[in-house]
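Participant:
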Amino acid sequence: MAVDSPHPTRKALRPIVLALILILSACAATTLSVSSASAAPKPTVVLVHGAFADSTGWDGVAARLSSQGYPVERFDNPLRGPAHDSALLEKKLATIKGPIVLVGHSYGGMVITNVDDPDVVANVYIAAFAPEQGEFVQGLLNPLVYPGSRLLPPALQVKVVDDPAGVAGRNVDGYIARPYFREIFAQDVSIATAADMFAHQKSAALVANLEPSGPASWKKVPGWYLVSQQDRVIPPALQRFMALRAASGHTSEVNASHASLVSRPAAVAAVIEKAATAQG
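Residue numbers -39 to -1, 1 to 241, in mature numbering (1 follows the signal peptide of the UniProt record, and there is no 0), belong to the letters of the sequence shown in order.
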């Protein structure tokens, strides 16, 4: 009389083994996919300062981005004109591997708008000019259309400087005079901080304000814009107008002066991170 074996036959085990193999394979594939995604390098953030400032203005923002694992580069903006400055920025970008998030403050927005680089995945404008082709700084600051800018004489002064990019090696630059600097540029920072910013101020070629912008990169690159609600350099209404074109759907505001990158670095860094993570 035959007795049933208490152990399943090898033939009976085959479907179970096959099912286990499929499950393990799926788990391994999922784990590999998650690991690959988490290991994907973060985009390099390139910070571009504007007129009447230098790269030290980005210190607080850069520190926050670096702490979140973002590679951060700063561009020492010559402030000579959109075509000249963007060409130099493009040379810098060519040395960076992988995706890039470009961030421009004030006139720095003119520069990033004129950049053409396939690795740029986002433009971030911080109280910045975001021109259409043919527009220029002084034209955008039309007081009849957008009143409120206090960047006028006697606060705005001029001087002759040595400049290899200028006519006969010279140029006429504009700068903000000391008594007016904090009041116009950064009224929401301490007196000591404003004094340090003034010491780092870089003058800008006056012709840079009159040079028409080239093709706008924001027409093919996603844009983000952070409006400074208490701006005394670029009227907030003008910022909102430019943001509507260059960063539709990605515009936010902060209760800050023109120098929001110094007075509100956490808010600025948060917008940059939003642009960077949207590319993941």
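For glycine and all other residues, C-beta sits at the position ideal for the given N, C-alpha and C.
This one's a predicted model, so the numbers in the text were calculated from it and none came from an experiment.
DSSP beta-bridge partners for Asn132?
Facilitator: Val122
Participant: Do Ala1 and His161 count as a contact pair if the criterion is CB distance below 9 Å?
Facilitator: no
Participant: Quick one, are the C-beta atoms of Ala126 and Pro39 less than 9 Å apart?
Facilitator: Against a cut-off of 9 Å, the Cβ pair of Pro39 and Ala126 comes out as a contact.
Participant: Look up residue 279 in the DSSP assignment and say whether it is helix, strand or coil.
Facilitator: Because residue 279 is not part of the residues shown, which for the chain are -39 to 241, the question remains open.
Participant: Let me know the secondary structure DSSP gives Tyr68 once reduced to three states.
Facilitator: coil
Participant: Relative to the C-alpha of Ile73, which residue among Asp192, Ala207, Ser213 is closest?
Facilitator: Ala207
Participant: What residue range is occupied by the uninterrupted alpha helix (DSSP H) comprising Glu34?
Facilitator: Per DSSP, Glu34 belongs to no alpha helix (DSSP H); it is in the beta strand (DSSP E), 33 to 36.
Participant: Would you tell me roughly how many angstroms separate the C-alpha atoms of Gly21 and Tyr31, rounded to the nearest one?
Facilitator: The straight-line gap from Cα to Cα measures roughly 14 Å.
Participant: Starting from Val7, trace the beta strand (DSSP E) in both directions and tell me its first and last residue.
Facilitator: Its beta strand (DSSP E) spans residues 5 to 9.
Participant: Kindly identify the DSSP beta-bridge partner or partners of Trp185.
Facilitator: Val85
Participant: In its own chain, which residues sit with a C-beta less than 6 Å from the C-beta of Val119, not counting the 5 before and 5 after it?
Facilitator: Val133, Gly135
Participant: Rounded to whole angstroms, what's the CA-CA distance from Ile233 to Asp124? Just pull it up for me.
Facilitator: 33 Å
Participant: Can you give me the Cβ contacts of Tyr107 inside the same chain, cut-off strictly under 8 Å, excluding the 5 residues immediately before and after it?
Facilitator: Leu101, Pro196, Ala198, Leu199, Phe202
Participant: Go ahead and pull the three-state DSSP assignment for Thr(-10).
Facilitator: With a pLDDT of 44 at Thr(-10), under the threshold of 50, the modelled position of that residue is not reliable, and the figure given next carries that caveat. DSSP places Thr(-10) in helix when its eight states are reduced to three.
Participant: Using the Cα positions of His66 and Gly42, report the straight-line distance between them to the nearest angstrom.
Facilitator: Between His66 and Gly42, the C-alpha separation is close to 15 Å.
Participant: Under the three-state reduction of DSSP, which class applies to Ile57: helix, strand or coil?
Facilitator: Under the three-state reduction of DSSP, Ile57 is assigned to coil, being neither helix nor strand.
Participant: Let's test the definition: count the other Cβ atoms within 10 Å of the Cβ of Ala(-3) and tell me whether it reaches 16, buried, or not, exposed.
Facilitator: Reliability of the predicted coordinates at Ala(-3) is poor, the pLDDT of 42 falling under 50, and the value obtained from them is presented with this limitation in mind. In this structure Ala(-3) is exposed. Its beta-carbon is surrounded by fewer than 16 other beta-carbon atoms within 10 angstroms.
Participant: Any heavy atom of the ligand ZN inside 8 Å of the beta-carbon of Ala155?
Facilitator: Summarising the ligand content, the structure contains no ligands, and the ligand ZN is consequently not present.
Participant: When DSSP labels each residue in this structure, what does Pro140 get in the three-state scheme?
Facilitator: helix
Participant: Spatial neighbours of Arg143 within its chain, please: C-beta separation below 6 Å, excluding the five flanking residues on both sides.
Facilitator: In chain order, Ala155 place their CB closer than 6 Å to the CB of Arg143, counting only its own chain and leaving out the 5 sequence neighbours on each side.
Participant: So for Val22, helix, strand or coil by DSSP?
Facilitator: The three-state reading of DSSP puts Val22 in helix, counting H, G and I together.
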